[in-house]
Amino acid sequence: MKVPFELSDEILKILTQNYNKTYTLEKLTSIIMLTNNMTCERACQAKVLDALIFLDNKGFIVLNLDTDESSLAKKAPIKTNN
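Take 1 as the starting number for the sequence shown in our numbering and just add one per residue.
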């Protein structure tokens, strides 16, 4: 399944704002729903989970599948726009 890069970027932005904090799937979904005016929580949560798995596989984040918590990987290569 293809993951929209915009969603992956948005998740990375959320995680980098407080890089020592972990976010649950539910918390990330609620933040993204608020910022994008989305109403279907289940569909949004599925997209967020797909993006989290993608980012975890690429080494950008650490996703704990037991707790659904995500955090920024300590050695994640982050690209910034200057």
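Ideal placement from N, C-alpha and C gives every residue a C-beta, glycine not left out.
Model, not experiment: these values are computed from the prediction.
Buried/exposed call for Thr-29, threshold 16 Cβ in 10 Å: In the sequence shown, counting from the first residue as 1, residue 29 sits at position 29. Its Cβ being crowded by 16 or more others within 10 Å, Thr-29 is buried.
Simplified DSSP assignment, three categories, for Thr-24: Counted from its first residue, the sequence shown places residue 24 at position 24. Looking at Thr-24 - three-state DSSP - the assignment turns out to be strand.
Report the option in Ile-32, Asn-37 and Phe-54 whose CA atom is closest to the CA atom of Gln-45. Translated into positions along the sequence shown, residue 45 becomes position 45. Comparing Cα-Cα distances from Gln-45 to each of Ile-32, Asn-37 and Phe-54, the minimum goes to Ile-32.
Kindly indicate which residue of Glu-69, Ile-53, Ala-73 and Asp-66 has the alpha-carbon position closest to the one of Phe-60. Indexing the sequence shown from 1 puts residue 60 at position 60. The candidate whose alpha carbon is nearest that of Phe-60 is Ala-73.
Please state the DSSP three-state secondary structure of Leu-72. What you label residue 72 is simply residue 72 of the sequence shown in a count that begins at 1. Assignment of Leu-72 by DSSP, reduced to helix, strand and coil, places it in the strand class.
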